[in-house]
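J.:
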Amino acid sequence: MFKKTRFKNLLGAILIGSLAAISVPAIASNEAMLDLLKILVKKGSITAEEYELLENATKADGEKVDGNINEMKAEVAEKTKGLPKISTKGKLQISDKDGNKIRIGGRLQADTTFATGDATLGSEGGTPVTEFRRARMYLSGVFQHDWKFKFQYDFADDQGGGTANTNGIKDAYIAYKGFKPIEITLGHHKMPLSMEELTSSKYITFIERSQLVNGIVADTGGGRQYGLSAKGYFNDMLTAAAGMYAGSANEDHADNAVGFTGRLTFSPIHEKTKMVHVGLGFNHHRDNDGGLNIDGEPEIHPGSDILETETGGWEEANTFVAEAAGIYGPAAIQFEYASAELENGPVGVTDADADAWYIYGSYYLTGESRNYNWKSGSYKQTKVKNQLGQGGFGAWELALRYTSGEYDNTDGLATDSSEADILTAGLNWYPINNVRFSGNYVKVLDTSLDADTELAADLDAGATADDASYFILRGQWYF
Amino acid sequence: MFKKTRFKNLLGAILIGSLAAISVPAIASNEAMLDLLKILVKKGSITAEEYELLENATKADGEKVDGNINEMKAEVAEKTKGLPKISTKGKLQISDKDGNKIRIGGRLQADTTFATGDATLGSEGGTPVTEFRRARMYLSGVFQHDWKFKFQYDFADDQGGGTANTNGIKDAYIAYKGFKPIEITLGHHKMPLSMEELTSSKYITFIERSQLVNGIVADTGGGRQYGLSAKGYFNDMLTAAAGMYAGSANEDHADNAVGFTGRLTFSPIHEKTKMVHVGLGFNHHRDNDGGLNIDGEPEIHPGSDILETETGGWEEANTFVAEAAGIYGPAAIQFEYASAELENGPVGVTDADADAWYIYGSYYLTGESRNYNWKSGSYKQTKVKNQLGQGGFGAWELALRYTSGEYDNTDGLATDSSEADILTAGLNWYPINNVRFSGNYVKVLDTSLDADTELAADLDAGATADDASYFILRGQWYF
Amino acid sequence: MFKKTRFKNLLGAILIGSLAAISVPAIASNEAMLDLLKILVKKGSITAEEYELLENATKADGEKVDGNINEMKAEVAEKTKGLPKISTKGKLQISDKDGNKIRIGGRLQADTTFATGDATLGSEGGTPVTEFRRARMYLSGVFQHDWKFKFQYDFADDQGGGTANTNGIKDAYIAYKGFKPIEITLGHHKMPLSMEELTSSKYITFIERSQLVNGIVADTGGGRQYGLSAKGYFNDMLTAAAGMYAGSANEDHADNAVGFTGRLTFSPIHEKTKMVHVGLGFNHHRDNDGGLNIDGEPEIHPGSDILETETGGWEEANTFVAEAAGIYGPAAIQFEYASAELENGPVGVTDADADAWYIYGSYYLTGESRNYNWKSGSYKQTKVKNQLGQGGFGAWELALRYTSGEYDNTDGLATDSSEADILTAGLNWYPINNVRFSGNYVKVLDTSLDADTELAADLDAGATADDASYFILRGQWYF
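Protein chains in written order, with the working numbering: chain A, 308 to 786; chain B, 308 to 786; chain C, 308 to 786.
#1: By the three-class DSSP mapping on this structure, what secondary structure does B/M544 have?
#2: What are the start and end residues of each continuous alpha helix (DSSP H) run of 4 or more residues lying completely inside the region 479-518 of chain B, in chain order?
#3: What is the DSSP secondary structure of B/A661, counted as helix, strand or coil?
#4: Would you call A/T760 buried or exposed, if buried means 16 or more other Cβ atoms sit within 10 Å of its Cβ?
#5: From the DSSP secondary-structure annotation, give me the bridge partner or partners of A/D418.
#6: Have a look at C/E713 and C/S646 and give me their C-alpha separation to the nearest angstrom.
#7: Using 7 Å as the limit for Cβ to Cβ distance, is C/N557 near chain A?
#8: When the Cα atoms are used, what is the spatial distance from C/I481 to C/L493?
#9: Is it true that the region 431-446 of chain A meets the region 680-687 of chain C, where meeting means three or more beta-carbon pairs spaced less than 8 Å apart?
#10: Under the assumption that A/N649 contacts A/A624 (Cβ atoms under 8 Å), give the Cβ distance between them as a whole number of angstroms.
#11: Can you list, in chain order, the residues of its chain with a C-beta nearer than 7 Å to that of A/D405? Leave out the 5 residues immediately preceding and following it.
#12: Taking Cβ to Cβ, would you say C/I489 is nearer than 7 Å to C/G539?
#13: What does DSSP give as the partner residues of A/V583 in its beta bridges?
#14: Taking one C-beta from the region 514-522 of chain A and one from the region 539-558 of chain A each time, how about it: are there three or more such pairs within less than 8 Å?
#15: For the region 368-384 of chain C, which residues have a beta carbon sitting closer than 9 Å to at least one beta carbon of chain B?
#16: Would you say A/Q451 reaches chain C, if we count a Cβ-Cβ gap shorter than 7 Å as a contact?
#17: Which of the three DSSP states, helix, strand or coil, is assigned to A/A775?
#18: Please name the residue, chosen from B/F786, B/S536, B/A732 and B/Y737, that lies closest to B/S776 on a Cα-to-Cα basis.
#19: Between which residues of its own chain and C/Q783 is the CB-CB distance below 6 Å, once the five residues before and five after are set aside?
#20: Can you name, in chain order, every residue of its own chain whose Cβ lies under 8 Å from the Cβ of C/L505, other than the five neighbours on each side?
#21: Just confirm the distance between the C-beta atoms of C/N741 and C/K690, as a whole number of angstroms; I'd bet it's less than 8 Å.
#22: In this structure, does DSSP put B/I613 in helix, strand or coil?
#23: Contact criterion: CB-CB distance below 7 Å. Does A/A339 meet it with respect to chain C?
#24: Buried or exposed: C/Y294, going by 16 or more other Cβ atoms within 10 Å of its Cβ?
#25: Between A/N600, A/G652, A/G534 and A/S574, which has its C-alpha nearest A/D543's C-alpha?
#26: Considering only C-alpha positions, which residue in the set B/I409, B/T427, B/T434 and B/D368 is nearest to B/K455?
#27: Can you grab the Cα-Cα spacing for the pair B/P609 / B/D715, in whole Å?
#28: Report the three-state DSSP secondary structure of B/N521 (helix, strand or coil).
#29: Using a Cβ-Cβ cutoff of less than 7 Å, which residues in the same chain neighbour B/A355 once the five nearest sequence positions on both sides are dropped?
#30: Comparing C-alpha positions only, which one of A/I353, A/T395, A/F421 and A/Y665 sits nearest to A/N747?
#31: Would you kindly report the start and end of the unbroken beta strand (DSSP E) that includes B/E650?
#32: Quick check on A/K366: buried or exposed, where buried means 16 or more other Cβ atoms within 10 Å of its Cβ?
#33: Given C/F458, which residues of its chain have a CB within under 6 Å of its CB, disregarding the five upstream and five downstream residues?
#34: Using a Cβ-Cβ cutoff of less than 6 Å, which residues in the same chain neighbour C/A661 once the five nearest sequence positions on both sides are dropped?
#35: Counting only the same chain and skipping the five closest in sequence on each side, list residues whose C-beta sits under 6 Å from that of C/G528.
#36: Which same chain residues, not among the five before or five after B/T437, have their C-beta less than 6 Å away from its C-beta?
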């Protein structure tokens with residue numbers, strides 16, 4: 308019987324082919340019947356001949372059950388063979404057992420911006436501006452475990468009087484992660500500089516990033532560039548990244564430029580509700596068209612710059628960024644300082660530099676914590692504790708940011724020094740994980756303008772900055 | 308034995324973890340054997356000791372079968388766990404058990420338009436124009452049962468001399484349907500006005516909508532707008548919708564405008580082959596740029612307007628739309644009347660208004676019926692009875708439309724009143740549900756022009772409208 | 308017992324509904340027990356009454372097992388019902404049993420081009436140009452077995468000083484393959500002309516196609532057009548294709564043009580590592596704007612033409628293309644010759660014609676063979692033998708191409724005859740099937756310019772062509 312069972316298993320295994328995942332032991336068991344038959348024949352209750360027939364019938368019974376069930380197992384295996392894993396929970400992701408993965412997603416941000424007091428909205432003047440701030444789709448995935456790819460496009464033409472994109476291509480790269488923990492990326496992607504810049508616009512706390520990012524970092528080579536970069540993470544606390552680039556597909560960055568960037572971050576604590584982060588970044592940027600300039604940004608989208616340096620046209624910039632951030636339960640704080648030196652400027656202009664910093668605090672009234680990703684030194688999606696429709700009212704977050712920028716410009720003997728301070732108060736409501744509504748109040752606190760500094764288009768002629776403020780509403784979904 | 312079985316079930320349940328969907332009763336049953344043993348021991352055919360051993364062996368046999376089969380159940384459950392539902396029948400839709408859904412689709416319409424007689428095709432003159440009329444893709448879906456989202460883009464640049472899109476973003480919104488039967492939509496979407504406008508271009512009977520829609524409704528705030536709207540449906544016959552908006556991303560609508568819209572529809576009968584529908588709509592529109600104007604449209608795409616009011620530049624419009632439609636088997640009839648009053652026009656111009664109506668009948672030679680959706684008060688996909696390749700030749704539909712528009716313009720004391728009447732005959736062939744070929748013959752019957760009305764670019768100089776007609780061919784697929 | 312089992316099977320079948328795919332034999336088998344009982348009752352070991360009870364209990368045992376297992380089968384069938392086949396191996400494809408199929412894919416090509424010597428890069432002069440050469444996504448599929456559809460868009464704006472696309476729509480068509488082996492295509496698609504043109508840019512050996520394709524074929528009606536075409540394949544060796552068209556959505560082709568095209572290919576041998584191919588093509592092209600011109604192309608993308616005929620503006624062209632290609636193991640050779648006669652040119656210009664040919668050889672150092680598709684007479688994806696990360700270093704391919712073009716232009720009595728010869732050396736590395744890195748060195752060997760031929764923008768004024776060369780790097784992924 309032992310041998311026979313083994314033989315059957317073998318038969319079963321052959322029968323169901325390559326279904327290695329499903330083990331094939333004998334399923335039916337008729338030991339009791341066989342034992343009973345042995346006893347009955349020994350006692351003479353049945354004859355030896357009857358015993359043999361009954362023994363065979365018993366085994367045949369067992370084999371029949373086994374056969375039927377193995378056949379069914381084969382059917383199950385056939386029907387479920389090669390089925391990839393599909394996730395539709397706030398994204399569409401399909402992944403198979405060979406390490407291939409395909410993801411399809413997008414984001415939509417629709418904003419309405421109101422200007423009050425002396426504030427204006429670029430070419431739109433005092434009329435409220437409604438626009439899609441971002442309307443993106445992407446295809447991304449992994450080939451064979453190690454090769455990540457992504458293509459992302461922004462369909463939001465500029466509809467609000469601000470800076471147009473020359474090209475809506477955003478992330479478009481291939482990355483190799485076979486040399487763990489180092490990942491190498493080639494293509495159009497963000498250079499490693501500034502925590503606020505590196506945090507996706509889906510997850511930033513305020514509707515717009517600060518003047519530090521949209522002014523200094525963006526104007527001197529930060530953000531997305533055609534480039535090659537490498538990043539690594541070590542000891543559960545340290546990350547290092549470096550990149551070199553050759554221009555950008557997006558107009559808010561110089562397209563005929565080259566540069567290199569480096570960033571280090573250190574996070575000794577990064578638990579679910581407690582985090583400490585510090586970081587340092589450097590960027591050397593060379594604009595081959597000699598059109599480098601840093602202007603003060605109003606921290607709203609439809610408007611133009613609030614401060615513009617009169618003389619423009621530097622060739623090179625060296626930019627330093629220092630970062631510090633922390634989370635304690637529902638509270639979070641974030642700080643960055645950036646300083647850029649402009650070199651090889653126009654004839655007669657000896658020097659120019661720009662400095663900016665921001666600090667902000669945020670607090671989840673509903674008990675969530677910001678979601679820090681130590682491997683990238685930036686933030687990812689906040690998980691809402693009690694989503695609307697599942698017994699809760701979503702997550703509510705309050706935030707306050709203060710930014711200050713100083714833009715110096717030495718023209719011959721005189722130095723023009725202009726400064727802009729901006730305060731932003733924000734309220735975010737996340738009814739569910741993938742939807743967010745935000746309201747931001749942006750107040751330009753102080754703009755001390757030198758005589759040579761052009762008054763920006765966003766302020767009425769002769770305006771005192773004390774009377775310029777904006778109110779912005781955003782609806783956002785992504786998956 | 309009773310207790311033991313219960314215990315086994317419990318064990319089984321623990322064994323296969325959280326597979327709550329699969330019930331775990333004892334599978335194997337050895338009652339007969341146990342009974343036999345009892346009888347045999349009572350009769351002395353076997354000893355009490357033998358009985359006990361055999362009884363245990365019998366139970367062990369049962370447990371072994373149960374164990375094996377439960378293991379297999381666990382395997383099946385593991386392999387099929389969380390598999391979403393996937394539909395590829397004329398669309399790609401993936402939906403899971405948590406109420407998440409993702410859909411990917413698109414449409415393509417390729418047209419060739421010929422002009423005959425005195426007719427011309429905008430900047431193309433008399434040359435036939437081949438173009439993609441619409442080339443759209445979309446991502447849409449549902450988050451957690453109640454949150455609908457959609458992003459749709461039209462890649463069809465204007466290639467035919469007509470009006471260009473400023474931005475190809477079409478539907479781009481988020482909607483909440485948690486307050487049943489009310490649904491609230493925020494973003495870029497169609498304001499509730501006009502049955503022909505609200506019926507998707509995939510399902511409209513003729514290749515182009517009427518001058519009522521493309522002239523009056525589109526020029527005074529209908530169609531897609533950045534807005535907030537609510538709609539509800541009641542008593543299996545009544546729908547009510549209202550919206551307010553602030554401009555459009557598409558150039559055929561004023562982008563610096565605000566307005567509000569309302570629509571009521573009533574459909575006491577809406578069976579599969581019988582339907583009666585009436586509707587009323589109103590729209591108040593304010594163009595902040597003061598550029599409001601209503602011109603007569605030729606009901607073809609590549610051409611420009613056939614009638615243009617000489618003086619333009621009103622600020623406000625009030626538009627009324629009345630709708631009536633019916634289905635009786637393969638026959639259908641549809642009627643709309645629209646009237647717009649323009650206010651706050653240029654200096655010296657006291658008044659302007661435009662009226663238009665259309666009526667059309669259609670008939671499926673192959674027995675299909677138009678497919679009415681009472682909850683939206685518009686039409687959806689016709690289901691072809693006998694698709695090509697499945698024993699049939701698809702669906703064939705004949706249709707005839709008459710439209711009439713009058714555009715008045717009181718300039719000082721004199722009133723310019725211009726009129727355009729257009730007849731369209733159409734033939735549609737739907738070989739399968741997702742493919743349609745159409746031919747339309749469009750004849751401009753009469754354009755009575757006042758002296759002050761500019762002759763439109765679509766007619767040769769000095770042409771009598773009696774000799775202007777167009778022939779259009781369209782191939783369409785969507786999924 | 309027999310009848311009962313049959314009855315049970317029937318019951319089971321009803322129980323599990325329409326699950327025809329799963330057979331329902333009796334699973335449990337208690338023949339041995341039933342036989343034993345018969346023997347025991349005959350011998351008087353059990354009474355007739357006991358026998359009857361035990362027999363019923365035995366049958367009930369069997370039925371209980373059958374019922375439980377059938378129930379489980381129904382569960383499996385329910386859970387796996389209608390699951391489409393999903394492939395994520397280098398593409399996303401979802402197909403169901405009704406012949407519907409949906410595929411989502413894309414490609415990304417990022418290039419950096421360097422100019423050396425007297426060479427320049429169009430408007431960019433001597434600065435290296437980094438750009439996305441192609442950034443495409445597509446949705447394609449099949450409706451009900453026979454209706455193929457595709458929509459493909461190229462998001463790569465021109466960022467490099469070369470020719471801009473008027474519209475990024477590439478393949479956008481519907482095709483019917485119900486008349487096997489004939490397939491009919493309607494929409495925007497490639498007209499059947501030239502093997503190098505018809506081979507996808509994902510699979511061409513060099514970074515850019517030859518001047519034969521980008522000059523003669525593209526300028527006289529080849530490439531993608533709005534059109535109707537039919538193709539068929541016969542006897543495992545012969546293909547025939549013909550098309551008529553009416554303009555193109557892409558600016559490198561005349562948009563107001565009509566024409567017709569035909570192509571025959573013959574491949575008596577096409578095994579995995581051995582292939583012989585010859586082909587013939589013809590195209591008649593009419594440019595309604597009379598803007599037809601053929602210029603010499605530099606075989607790089609960011610630059611402008613290297614040779615430009617001074618007088619332009621023909622109305623018609625007749626183009627012939629002859630093709631020959633072969634594969635022998637890792638080696639492959641490819642040759643094409645094209646000749647175009649231009650007719651109905653500007654007043655005073657009697658004649659113009661252009662001739663070009665290329666020949667190239669390629670060799671896989673790692674033993675792969677080019678992958679020929681006899682049904683389309685073009686190449687498809689090379690399968691890498693040992694992919695990186697799976698024990699190999701990918702595929703490595705060397706290639707060398709020589710092209711020669713002569714552009715004649717008879718102006719009155721004098722004939723201007725200009726010639727350009729270009730040599731390209733290439734190295735391709737395919738680490739995995741879907742990723743490729745290429746380096747091309749392009750040398751303009753000789754440009755004999757007549758006095759009336761305009762010197763192209765790509766060469767410095769007064770340059771001898773002997774000193775113009777380019778170096779191009781490309782990274783590519785697709786799925």
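The beta carbon of each residue, even a glycine, is placed where N, CA and C say it ideally should be.
Because the structure is a prediction, the values reported are computed rather than measured.
T.: Put simply:
#1: coil
#2: 502-505
#3: strand
#4: Interpretation of A/T760 is limited by its pLDDT of 41, a score under 50 that renders its predicted location unreliable; the figure taken from the coordinates is listed afterwards. The residue in question, A/T760, is buried, as its Cβ has 16 or more Cβ neighbours within 10 Å.
#5: A/E438 and A/R781
#6: 10 Å
#7: no
#8: Going from the Cα of C/I481 to the Cα of C/L493 covers about 6 Å.
#9: no
#10: One detail in the question is off: residue 649 of chain A reads as Leu in this sequence, not Asn. Right, the Cβ-Cβ distance comes to about 5 Å (below 8 Å), so this counts as a contact.
#11: Q451
#12: yes
#13: A/I576 and A/G633
#14: no
#15: Listed in sequence order: D368, G369, E370, K371, V372, N375, I376, E378, M379, E382 and V383.
#16: Interface residue, yes.
#17: strand
#18: Selected option, being the one with the closest Cα: B/A732.
#19: Once the five neighbours on either side are set aside, the close Cβ partners of C/Q783 are Q416 and R743.
#20: K497, P499, S683, G684 and S685
#21: Not really, about 11 Å apart at Cβ, beyond 8 Å.
#22: In the structure shown, B/I613 adopts coil according to DSSP, grouped into three states.
#23: Judged by the 7 Å Cβ criterion, A/A339 is not in contact with chain C.
#24: Any property of residue 294 of chain C remains undetermined from this structure, which presents chain C solely from 308 to 786.
#25: A/S574
#26: B/I409
#27: 25 Å
#28: helix
#29: V348
#30: A/F421
#31: A638 to E650
#32: Buried is the call here.
#33: L446 and A479
#34: Hits under 6 Å: I523, I601, A647 and Y714.
#35: G566, N590 and H592
#36: T419
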